[in-house]
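Taking it in order: structure first as structure tokens, then the write-up.
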Amino acid sequence: MADSGVDSEETIFQLLKKADPKELEQRQQAINERRHKTFQLTQQRLAEIIDQNSTLPTTVSSVTVLGAPYTRDGFLKRVVDPLLSANRDRPYTQSELIHEVSRAAQKLRRFGIFHEPVSVYLDKSAKTDPTTTPTDVAVYYSVKERSRIFAKTGTDLGNAEGSAYANVQWRNLFGGAETLDVNASIGTRTRSSYQALFDTPVLSNPDIHLQFAGVQSATQKAFASHEEVLKGGWSKLRWATSTGSSHEVGYDGLWRQVTGLAQNASTTVKNEAGDSFKSSISHTWMADRRDNPMLPSRGYYAKTTSELAGWGPLRGDVAFFKGEVETQSALPVPLPGVKGDSGISLTTGLRAGLLYPLALGSNPYPEMSRINDRFQLGGPNDVRGFRLSGLGPHDGPDAVGGDLYAAGSANLLLPLPRVGKDKPLRFQAFVNGGRLLSVRNPEKEGPMTGEEVKQSVADAISDLANGLPTMSAGVGLVYAHPVARFELNFSLPLVVRKHEEARKGVSFGIGINFL
């Protein structure tokens, strides 16, 4: 009998070996199709069950956050208590409950004090009788707190500057997602910088933050033969809107010092040497709808900044209104015969700003604005083809800045052959230009009156459209790293005004915000 069994097994294996591979493949395909059909039916049935129960009334009797020993109960309650049915005028449907539970989980993630993921569990409530309250459920969030102290050192590249830094951060300092950030850095332009920043969400809302900071820095202004030392502090209230834009209201109190003058410093810079104190309030609005901030192919970006110094109860020895607007738009360029995105895009940008002097208390209008507050224009990150701060008023070797400017750029970005449109590397052709002007009437000596200031501003605005702007064109390579954008360009200045400093040839730019 045993031999017969062995012969049967051998016969089976021989039959399998002799089987037609195509027939075996067809059988396996049929098995796979049956499994796939069974899976589809199961998923369809599950979807039907969820859909049938999505409108069932559900009440939340309790919400518990597990794994957060260092986070205050009062802080967490502001986030999760709105889920409780006791705080609602009607029961949830199951679909509404899932949506609201997910929103609360997303809030917990955005505080930045918990590791991913934030897990959610729903269970029958153990605090109520299921026979009398069958709709009650309990919600559980399972989290894991991130380390409370974090330290790092590294280097930063951006906006024509390189720096090395050391940073220490204390998270969840008082159990309410507060952060204390202490940073020290040294760099090529900012010779030294020390800052302590305290940030806290307001009313347990990750979309509203209050910040306080103290700063001390020394920055070399090579384009104007001096060093600027800053000491002081600022505070900001930041919030995001439901439409995706953001606002920021702040106060600055800064003592500024123009010092460390070079031997060949101009008369203008020498007259600016010394101390000043700025006390100002500001507002910033921003909306970013670009698909990629570093290398946009579609969408738009808009930002406005307003600052008021030395007016009314604000003290200090400078008084002005300073406003800036910045926009950028990107459009994909379709190619005939190419389906989908061609990888070619056209980006246009515009920036403009005005520094309007104000009377300082009972004193008359100042003779001129201070170099600390004026605009600078030119360089690889805005008007390419010109040296850093190469546009606008100059006095000898120094760029002394201006009170009114406008600049624009148009960039055509194309994917490189054999690289592809999916890579963050592009060839670009660009044309850009701008004007930077002073509102000071050079024929007027001494302080100006209010009417003279208005006339000077009007004349400067009219002069913006007087003739061609300072312009350049060129080609180059763009690489969009997640941290910064890198540009290597060859630029050719087309229109250059007297005293402005053009730069024909190759330039390298690193930064986050390019014109």
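Offset between the sequence shown (1-based) and my numbering: plus 146.
We put the beta carbon where it would ideally sit given N, CA and C, even for glycine.
Per DSSP, residue i is paired with what?
{"i": "Phe576", "result": "Asn557, Gly620"}
{"i": "Phe636", "result": "Val621, Val652"}
{"i": "Phe296", "result": "Gln315"}
{"i": "Pro203", "result": "Thr239"}
{"i": "Ser331", "result": "Tyr311, Ser339"}
{"i": "Gln362", "result": "Tyr340, Lys377"}
{"i": "Gly399", "result": "Gly379, Ser425"}
{"i": "His540", "result": "Ala545"}
{"i": "Leu550", "result": "Leu500, Leu583"}
{"i": "Gln252", "result": "DSSP lists no partner for Gln252."}
{"i": "Glu291", "result": "Phe260"}
{"i": "Leu356", "result": "Thr346, Leu383"}
{"i": "Thr301", "result": "Ala310"}
According to DSSP, is residue i part of a helix, a strand, or is it coil?
{"i": "Met147", "result": "With a pLDDT of 44 at Met147, under the threshold of 50, the modelled position of this residue cannot be trusted; read the value that follows with caution. Three-state result, Met147: coil."}
{"i": "Lys367", "result": "strand"}
{"i": "Ile259", "result": "coil"}
{"i": "Gly322", "result": "coil"}
{"i": "Asn438", "result": "coil"}
{"i": "Ser231", "result": "helix"}
{"i": "Asn659", "result": "coil"}
{"i": "Ser241", "result": "helix"}
{"i": "Gly566", "result": "coil"}
{"i": "Ala505", "result": "coil"}
{"i": "Glu374", "result": "strand"}
{"i": "Ala408", "result": "coil"}
{"i": "Pro167", "result": "helix"}
{"i": "Arg497", "result": "strand"}
{"i": "Glu453", "result": "strand"}
{"i": "Val152", "result": "Because Val152 sits at a pLDDT of 47, beneath the cut-off of 50, its placement in the model cannot be relied upon, and the point is left open."}
{"i": "Arg643", "result": "coil"}
{"i": "His393", "result": "strand"}
{"i": "Val266", "result": "strand"}
{"i": "Asn351", "result": "strand"}
{"i": "Val247", "result": "helix"}
{"i": "Leu460", "result": "coil"}
{"i": "Val209", "result": "strand"}
{"i": "Ala448", "result": "strand"}
{"i": "Thr184", "result": "helix"}
{"i": "Ile490", "result": "coil"}
{"i": "Arg533", "result": "coil"}
{"i": "Arg586", "result": "coil"}
{"i": "Arg631", "result": "strand"}
{"i": "Leu481", "result": "coil"}
{"i": "Leu614", "result": "coil"}
{"i": "Arg384", "result": "strand"}
Assuming residue i is part of the beta strand (DSSP E), what are its boundary residues?
{"i": "Phe344", "result": "336 to 348"}
{"i": "Glu472", "result": "466 to 478"}
{"i": "Val285", "result": "282 to 288"}
Excluding the five sequence neighbours on either side, which residues of its own chain have a C-beta within less than 7 angstroms of the C-beta of residue i, listed in chain order?
{"i": "Arg516", "result": "Glu418, Ser422, Val464"}
{"i": "Arg292", "result": "Ile259, Phe260, His261, Arg317"}
{"i": "His645", "result": "His540"}
Short of 8 angstroms in beta carbon distance, which residues of its chain neighbour residue i, apart from the five on each side in sequence? Order them along the chain.
{"i": "Ala606", "result": "Asp549, Leu550, Leu583, Ser584, Val585"}
{"i": "Leu559", "result": "Leu441, Ser443, Ile490, Ser491, Leu492, Thr493, Arg572, Phe573, Gln574, Val624"}
{"i": "Ser371", "result": "Leu407, Ala408, Asn410, Ala411, Ser412, Val415, Pro543, Asp544"}
Can you confirm whether residue i, when its beta carbon is compared against all beta carbons of chain D, has any partner nearer than 9 angstroms?
{"i": "Lys183", "result": "Looking at the structure shown, chain D is missing, and only one protein chain is on hand."}
Hey, could you find the ends of the alpha helix (DSSP H) residue i is sitting in?
{"i": "Gln522", "result": "First-last for Gln522: undefined, no H or E at that position."}
{"i": "Thr217", "result": "No alpha helix (DSSP H) holds Thr217; DSSP gives it neither H nor E."}
{"i": "Glu597", "result": "596 to 610"}
{"i": "Val415", "result": "413 to 418"}
For residue i, which residues of its own chain have a beta-carbon under 6 angstroms away from its beta-carbon, when the five flanking residues on both sides are left out?
{"i": "Ala297", "result": "Val314"}
{"i": "Ala648", "result": "Phe532, Pro639, Val642"}
{"i": "Ala433", "result": "Ser391, Ala448"}
{"i": "Val652", "result": "Phe636"}
{"i": "Gly499", "result": "Glu470, Phe521, Tyr551"}
{"i": "Ser425", "result": "Gly399, Leu460, Arg461, Gly462"}
{"i": "His393", "result": "Trp385, Trp431"}
{"i": "Gln357", "result": "Asp345, Lys382"}
{"i": "Ile354", "result": "Val348, Trp385"}
{"i": "Arg255", "result": "Val264"}
> So, do the stretch 430 to 444 and the stretch 402 to 420 have three or more beta carbon pairs nearer to each other than 8 angstroms?
Replying inline: No, the stretch 430 to 444 does not touch the stretch 402 to 420.
>> For the pair the stretch 336 to 345 and the stretch 357 to 366, tell me if three or more CB-CB distances fall below 8 angstroms.
In response: As far as the Cβ criterion goes, the stretch 336 to 345 touches the stretch 357 to 366, which means the pair count is three or higher.
> Quick one: any contact between the stretch 637 to 647 and the stretch 609 to 623, if contact means 3 or more CB pairs under 8 angstroms?
Replying inline: In short, these stretches touch, since the Cβ pair count reaches three.
>> Using 8 angstroms as the cut-off, can you tell me whether the stretch 615 to 628 makes contact with the stretch 592 to 602, which would need three or more C-beta pairs spanning the two stretches below that distance?
In response: By the Cβ rule, the stretch 615 to 628 does not count as touching the stretch 592 to 602, because fewer than three pairs are nearer than 8 angstroms.
> Within the chosen definition, does the stretch 472 to 490 reach the stretch 515 to 529 through at least 3 CB pairs nearer than 8 angstroms?
Replying inline: Contact between the stretch 472 to 490 and the stretch 515 to 529 is absent, because fewer than three Cβ pairs lie under 8 angstroms.
>> Using a Cβ distance threshold of 8 angstroms, determine whether the stretch 281 to 291 contacts the stretch 371 to 390, with at least three qualifying pairs required.
In response: Contact between the stretch 281 to 291 and the stretch 371 to 390 is absent, because fewer than three Cβ pairs lie under 8 angstroms.
>> Can you confirm whether the stretch 318 to 326 touches the stretch 344 to 351 when touching is taken to mean that 3 or more C-beta pairs between the two stretches lie within less than 8 angstroms?
In response: Verdict: yes, contact present.
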